[in-house]
Amino acid sequence: MKFKAVDAVSIASILRTVGEFMPEVTLVSTKEGLRLGGVDPSRVAYVDIVIPSLYFQEFESGEREVIGIKLEDVINALKNVKKNDGLTFFTNEGKLELTIEGDFERSFIIPLVELEEPKNPGINLQFAFKAKMLTSTFNETLDILSDMGESVVISSEDGKLIISVEGDVGVSRVELSEAAGNLIEASGTNASSVYGLDYLLKTTKMRNSSDVVELMFGTQLPLKLRFQLPQEGYGDVYIAPRAE
Amino acid sequence: MKVDPGTCLRCRATKYLCGLTYCPVTVKMSILNMRAGIYEELSGSSPPSVFVGRFNYPKVAVYPSAPPLGGDTSRYEDPKLWISMSLDEFLAMRLSVFRGGQSFRVEQASDPSRDLWDVQTLALSPRPVEVEMKFKEPPKTMNVIDDTLPPLGPSAPLDKLRLGTIPPPEKVVEKVFSSQDMKAIEGMRLLYTSGVGVERISRILSVGGMGVDRKLVPTRWSITAVDKTLSDQLVKELKEFDILDNVEVYVREHLRNLFVAMLIPGNWSFEWGEAWFPRTAWNYWGGEVAVEIDHEGYSGRKTYPEIGGCYYASRLAVAEHLVKRRRQATVVLWRETYPGFFFPVGVWFVRENVRKLLEGRPETFDTVWEAVEYLSSRLKVSRDWTRKSWILNLMRSRLF
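Here the protein sequences line up with chains A and B, keeping their order.
Residue 241 in the UniProt record's numbering sits at position 241 of the first sequence, with consecutive numbering throughout.
Residue 136 in the UniProt record's numbering sits at position 136 of the second sequence, with consecutive numbering throughout.
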């Protein structure tokens, strides 16, 4: 498996996001591209990232190659990547060789770990409401609500998306709509569900990799966040509704 | 708190009719006996005991301490023995530990004066040390009663400390103390894996006896620092182990406290909860049971738990248990404190009780909900726990 990306920051942010959910991850590469993700240890969230081969400047893979990496090791190696740095991943004899090309070249050799290949649970849900927005809008909303409580209520009312948090001192509420210009698209019926705010906050690092996020949910249904990636790639994060 | 004198007449320290977990009359008499004749000098055997205060940080008071008794006083600093004592005996003992205080800036630990050096040397000792303390004035009855610290007796400014023969510390203690390039975190771990108790490790840390940039650390902070550092390492280890097979439930009652543990098959996450009934230490004037819970997921937490040092003391005890068994689990620990548990005695009480709790034989269940059903007859605020528990809510909220 070998791939080279021109935007090291973007790849690093994807890996950091996955690292927020799980300590280790399996990377599966095929001729079509790269897929990584799995269920978080508390089994509340499922992450599924698909990066097509066209995303990369160079991409080489066998029919199907599977490797396991300890995310802490890789994230540490990538902690100082800059905007114009390039990044190469290359697997060789049980090791991952990682090269960052920028003002100067930095190389890291990281041992691979043996992991079971995750089974794709095939989540197929009919969501009551869908809304598309800039990832920056989504992050800003979460930033406003982040210190207000532990659970976030996501609801839709007459085409508007309402995200609110009830804390010890009161309720904070953010209303987004196409009319107000902060949703790119919105459609569906009224619905409402509660999710753990800390799980939503784990996704904010995707801001550096994705410009647009689609949010899908329904009453007592998981929340699906689809972060759009270039070349029709995506990062899906499913978060289970919270039973209070 | 007022006790009807008629109650004492009928009880005479035999039945605890006042509802407390100790007899105030017995404790007071024992303390008065021990304190009789202590004016400006004290000759005794330090267990060893050193207390570092936190007020006026970074210029803090350091108190070498001792009871007015010679011989083997190690039980004064041994929580493993305290846990099997009556509260009468424990309080009478701890409140007769006299403290002689001197002020130092915390940085002085790295280049100590003779006075501070003596205190550091005392703190390293593995066994009691004969001491003579000359006070500047008679000790005042200012007892230290704190949620984190074990109780301590009267104090006075110290004029002079004279130490008897000091037993040499173990080689590993000497190594940690003399290594100027060993980080405190490494020192704590080395001492712990060499069998040095957590109380001694926190005492050595508090007198600035380890680390690269040495400082005095208030005892209250050093206790929690040690519990956290050691449990962090153990939690990291236990995440490598296989997951437990069944739900295990442990229950222990001790001195009007009920401790409950549920070890649930799953990846590591942890919750510590406390329910304080009205007329207990932290809910004395309350009208309802006060339930507080703090938690962490698999990746740990980034903020200090509001519930305080008990969180890390209990986390250490359960992490020790799981590492010893080479198993990983999702852990729920709850404590109910009933009326009569009148004042806080320190986080050792939680650490040692959870250790004892997990030494017991568990009831096993196939599902967490069967375990919760079983516990509903043992817990007095069962509904509050199941409603507020972060882990039980997490269990209900899983994707798969």
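Where a beta carbon is used, it is the ideal one built from N, C-alpha and C, also for glycine.
Predicted model, so just to flag it, every value in this text is computed and none were measured.
Burial state of residue i, where buried means 16 or more other Cβ atoms lie within 10 Å
i              : result
residue 235(B) : buried
residue 400(B) : exposed
residue 184(B) : buried
residue 181(B) : exposed
residue 84(A)  : exposed
residue 285(B) : exposed
residue 5(A)   : buried
residue 178(B) : exposed
residue 303(B) : exposed
residue 32(A)  : exposed
residue 183(A) : buried
residue 225(B) : buried
residue 228(B) : buried
residue 353(B) : buried
residue 39(B)  : exposed
Secondary structure of residue i, DSSP reduced to three states
i              : result
residue 335(B) : strand
residue 55(A)  : helix
residue 256(B) : coil
residue 72(A)  : helix
residue 180(B) : coil
residue 227(B) : helix
residue 85(B)  : coil
residue 24(B)  : helix
residue 228(A) : strand
residue 160(A) : strand
residue 390(B) : helix
residue 298(B) : coil
residue 36(A)  : strand
residue 357(B) : helix
residue 210(B) : coil
residue 250(A) : Coverage of chain A is limited to positions 1 through 244, which leaves residue 250(A) absent and any answer about it impossible.
residue 220(A) : coil
residue 19(A)  : helix
residue 293(B) : strand
residue 234(B) : helix
residue 174(B) : helix
residue 188(A) : strand
residue 413(B) : Examination of residue 413(B) is not possible in this model, given that chain B is present from 1 through 400 alone.
residue 45(A)  : strand
residue 79(B)  : helix
residue 201(B) : helix
residue 315(B) : helix
residue 411(B) : Residue 411(B) cannot be examined here, being either before or after the span of chain B that is shown, 1 to 400.
residue 60(A)  : strand
residue 166(B) : coil
residue 364(B) : strand
residue 178(A) : coil
residue 341(B) : coil
Cβ-based neighbour list, residue i, same chain, cut-off 6 angstroms, excluding 5 preceding and 5 following
i              : result
residue 132(B) : 43, 162
residue 109(B) : 208, 214, 215, 216
residue 290(B) : 276, 283
residue 35(A)  : 28, 50
residue 258(B) : 336
Nonlocal neighbours in the same chain, by C-beta distance under 7 angstroms from residue i, ignoring five residues either side
i              : result
residue 255(B) : 21, 87, 341
residue 72(B)  : 128
residue 77(A)  : 98, 108, 110
residue 105(A) : 99
Cβ shell of residue i (< 8 angstroms), same chain only, five flanking positions each side left out
i              : result
residue 95(A)  : 109, 110, 111, 112
residue 130(A) : 185, 186, 187, 188, 214, 215, 216
residue 169(B) : 124, 125, 126, 177
residue 64(A)  : 28, 29, 30
Sequence ranges, alpha helix (DSSP H) only - wholly within the region 92-132 of chain A, length at least 4: none
Residues in the UniProt domain "Archaeal Nre C-terminal" (296-396) of chain B having any Cβ partner in chain A nearer than 7 angstroms: 297, 298, 393, 394, 396
Cβ-based contacts, 9 angstroms cut-off: residues of the region 258-276 of chain B near chain A: 266, 267, 268, 269
Residue ranges of each alpha helix (DSSP H) within the region 84-158 of chain B, 4 or longer: 87-94, 114-124
Positions along the region 170-196 of chain A whose CB lies within less than 7 angstroms of some CB in chain B: none
Selection of the region 3-29 of chain A by Cβ proximity to chain B, strictly under 7 angstroms: none
Selection of the region 116-127 of chain A by Cβ proximity to chain B, strictly under 9 angstroms: 121, 123
Members of the region 33-63 of chain A that neighbour chain B once the beta carbon cut-off is set at 8 angstroms: 39, 40, 41, 42, 43, 44, 45, 46
Residues in the region 227-244 of chain B having any Cβ partner in chain A nearer than 7 angstroms: none
Members of the region 216-239 of chain A that neighbour chain B once the beta carbon cut-off is set at 9 angstroms: 222, 238, 239
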